[in-house]
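A short worksheet on the structure shown next.
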Amino acid sequence: MRQGRFWTGTLLVAAMLAGCGGPRPVDTRQALEQRRAELQDAVADNPEAIAERVELARIAFRLGDGVAAGAAVKAAIDAGGNEAMLRPLLARAFAMQGDGMRALQTLDAGPIAPEAMGEAAWVAGNVHLDDGDLGAARDAYDRAVRELPRSSALWVDVARFRDANADTLGARDAIDYAIELDKANGAALAYKANLIRTEEGLTASLEWYDAALAADPDNAGALIDQAATLGDLGRYRDMLGALRHAATLTPGNPRIYYLQAVLAARGGNYRLARSLLQRTRGQMDEVPGFMLLSAIVELELGGEAVAATWADRLLSEQPDNMTARRILALSDWAGGDADGAAEALIPIVDRDDADSWSLLLAGRVAAELGRRGESADYLARAASLSRGDAAPFAADNDYGFLSMAADAEPLNPARAIPAIGADIMAGQAGRAIERATRLRDANRGVADAHILLGDAAMAGGQFALAVQSYRAARDLDAGERTTLRLAHALFRAGDAAGSGAAILALRDSQPSSIAADRLAGHLAMDLEHWDQAIAHFERVRRRIGNRDVVVLRELSKAWGAKGDRAQATRLIALAYRLQPLNAEIMRLYADRLAEAGDAQGAADLRDKARQIGR
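As numbered in this note's numbering, the sequence shown has no gaps in its residue numbers, which increase by one up to the final residue, 614.
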C-alpha cells in the first residue's frame, strides 16, 4: 500500500511539472476551495496519502497560498514522498512566500530527480528575475524551456522575463505561444492584455482582460489591471466595480487601495484619497505612481512639507520627472522655502522647451528672492511663449570620454546611449546614427532602440529614416512617447495628413493622453471644426485646470467662432490673468471687449500690447 502511494505521488508530480499541452477545464476559486477541503479531510487521518498531499500543494499554488503549499509538500516528504522529486515544489513554495534565498538554498540542498530538473530551473529563473539578476534568470529559463517546452505557465514567466529586458517582441512571441499551448490560461491572457495595452492602447486591451477573466473569473491581478485601464479610459463606475470584486478575492491588497485613492483624487475628495493611501501601510511607498499621487494629495490638503518629501523621494528615483519637480517647487514655495523652489525649477527652466507655468513660478520665486533681472527674464519668456537657450549637454572633455567608452563597447546601452546623446548635442548626427543603428540591429524587439535611432535621424535631418524608426517603435509600444515622435517626424517629412492620423490614433487608443487631446485640438482648429476643438481642449482643461494659456486661448477662439461671445470673453480673461504681459492675449482680449461694447478697455489693452512690442 505504501509503495503504491509513493508511485502515485511521483506520477502526479511528474504530470504537474510537465504542464498541460491543451485546453483545461476552468476551475473557479470556489471549486478549488471545495476540492482543497475534500483533500484536507482525506489526509487528516491518512499518513500515507502522498498523492493527495501533492495535489493539495498544487491547489494551494493556484490559490496563491505559498504557506499552505509549503506545508503540504513538507507533509508529503514526511509521509515518504520522493524528496528529490518534491524539492523543486518546496522551493516554489518558499519563492511564493517571498523568500527567494531560501528557495535557492532548497534547490541546492540535495539531489533533484531528472524529471524535476525543468521545474527546478523554472523556480530558479523566477527567483533571479525577482532579484533583478537577469543574466542568471536567462540561463535558468533556458534550462527550464529545454526540459518543459510545452508548459504554458512557464512561457508566461519567460514572457515576463523578456519584458523585463525591454524585449517587447520576444515577450509577445512567448505569451502568444503560452496561449497557443493553453487557450484557457488566464494568467497568459491577462499578460497578453498588459502587452496589448502598451502596444495598441487602452481600448484594445479590454477584450483581452475580458478573455482572461472569462477563463479565470477570480484572477485578482487581472481585475486590478483591468480596473486601472478602465480608470484611464474615464470609466470610473466600471473601474470601481472591478476593484470591489478584486477586494473580495484579496482583501487588503495595497494596489486596490492605491487605485481607489486615484479614483477619489480624480473626484476631488483628497481626504478620502489620503486615507486610502495610508491603508497601503507602506507596501507601495517605492512605487513611482504612488509617490506622485501622495505628493499631489498632500499638496492639495495643505501639507506642503509632506508633499515636498514625496516629490523629493520620487526625484531621487526619476530625476527627469518634470511633474514631480513642479510639485516640489510649488510645495517649497508654498511652504516658504523660496530657495528650495528655485533649485527645484532649474532643470525645467534651463530647458529650451520650458513650459510657461514653470517659467511664471520661477519668475515669482526669483522676485521673492530679490533677483529682479532674473525674474523679468523668466516672465518675458513665459509671456512670449518662446524658447530660451538650452544648457550645454557636456563639456568637450566629457564628450571625448563618452565617445571612447562607447567605441569600446558599442552594444552596451549604458555606454552607447550617453554617447549618442553627446554626438547629437555636438552636431555629429552621422556618428549618432551609426551608433544607434548598431544598437537597433542588436535589439530589434526593443522599442527604445528604434526610438534612439529615430531621435538621431531627426537630429541629422533624415526624416524618412526617423519615420521608419518611429513606426517600428510604435509597433512595439503605441504610447505617447512613440506616437508623438512619429507624428512630429511625419510632419517634418511633409506628411501633414499622416501626422494628424497618428495623433488621432493616439487619442483613440489612449483617451487619457493630455498630449493627444492637445494636439488633436490644434488639428481641429486648423480645420475649423470648432466643436471637436472645444471637446479636446476642454478635456485638457478638466485635467490640468486653468493654467495653460494656449488651451484657454484656443478655447476662446473656438467659442468666438461659434458665436458665443460671453464664453469666449470669460476664457480669454482667464488667459490674460495668467499672462498679463502676453501681447497676443492682450489683442484677443481687446477684440472680445470691443465686441462686448467696452471700447475704452479694448483701446487700453491694444495700447499696452503696442508698448510691449511683441
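C-beta: ideal position from N, C-alpha, C; glycine also.
In terms of Cβ geometry, Ala37 and Leu56 do not form a close pair [threshold 8 angstroms]. Here Ala515 is not near Ala524, since their CB atoms are 8 angstroms or more apart. A distance of 8 angstroms or more separates the beta carbons of Leu259 and Ile296.
Its Cα nearest to that of Gln468, the residue Leu453 stands out among Ala69, Ala599, Ile256, Leu453. Under a 10 Å Cβ-count criterion, Val67 is classified as exposed, with fewer than 16 other Cβ atoms of the shown protein chains found around its own Cβ.
Two segments are said to touch when three or more pairs of C-beta atoms, one from each, lie closer than 8 angstroms; by this definition the region 365–375 touches the region 323–342. Scanning Ala140, Asp448, Lys562 for the CA closest to the CA of Leu154 turns up Ala140. Runs of the alpha helix (DSSP H) lying entirely within the region 110–183, each at least 4 residues long, are 117–131, 134–147, 152–164, 168–181 in chain order. Straight across, the Cα-Cα distance linking Arg266 with Leu129 is about 35 angstroms.
Of the residues assessed, Asp517 falls on the buried side of the cut-off, its CB having 16 or more other CB atoms within 10 angstroms. Judged by DSSP in its simplified three-state form, Asn546 adopts coil rather than helix or strand.
Collapsing the DSSP output to three states places Arg35 in a helix. Within the same chain, Cβ atoms closer than 7 angstroms to the Cβ of Val158 are found at Tyr141, Val145, Ala174, the five residues on either side in sequence being excluded. The region 478–493 makes no contact with the region 209–217; the number of CB pairs closer than 8 angstroms stays below 3. Remark: three or more beta-carbon pairs, one from each stretch, lie closer than 8 angstroms, so the region 313–323 and the region 280–299 are flagged as touching. Leu314 sits in a helix when the DSSP states are folded into three classes. Per DSSP, Ser331 is one residue of the alpha helix (DSSP H) stretching across 322–334. Just so you know, the alpha carbons of Ala261 and Trp310 end up roughly 16 angstroms apart. The DSSP assignment places complete alpha helix (DSSP H) segments of no fewer than 4 residues inside the region 523–572 at 530–544, 549–561, in order along the chain. In chain order, Val156 place their CB closer than 6 angstroms to the CB of Ala187, counting only its own chain and leaving out the 5 sequence neighbours on each side.
In the three-state reduction of the DSSP assignment, Val446 falls in the coil class. Within its own chain, the residues whose Cβ lies closer than 6 angstroms to the Cβ of Ile451, once the five positions on either side in sequence are excluded, are Ala473, listed in chain order. Between the C-alpha atoms of Pro511 and Arg606 there is a straight-line separation of about 39 angstroms. In the DSSP annotation of this structure, the continuous segment of the alpha helix (DSSP H) that includes Asn194 starts and ends at 186–200.
Distance between Ala459 and Ala429, taken at the CA atoms: about 6 angstroms. Within the region 454–534, no run of beta strand (DSSP E) at least 3 residues long lies entirely inside it.
Residue burial annotation: Ala497 is exposed, with fewer than 16 other C-beta atoms found within 10 angstroms of its C-beta.
For the 8 angstroms CB-CB criterion, Gly170 and Gly445 form a contact.
In the DSSP annotation of this structure, the continuous segment of the alpha helix (DSSP H) that includes Arg244 starts and ends at 236–249. DSSP places Gln278 inside the alpha helix (DSSP H), whose first and last residues are 270–278. With a 10 Å radius around the Cβ and a threshold of 16 neighbouring Cβ atoms, Glu33 comes out exposed.
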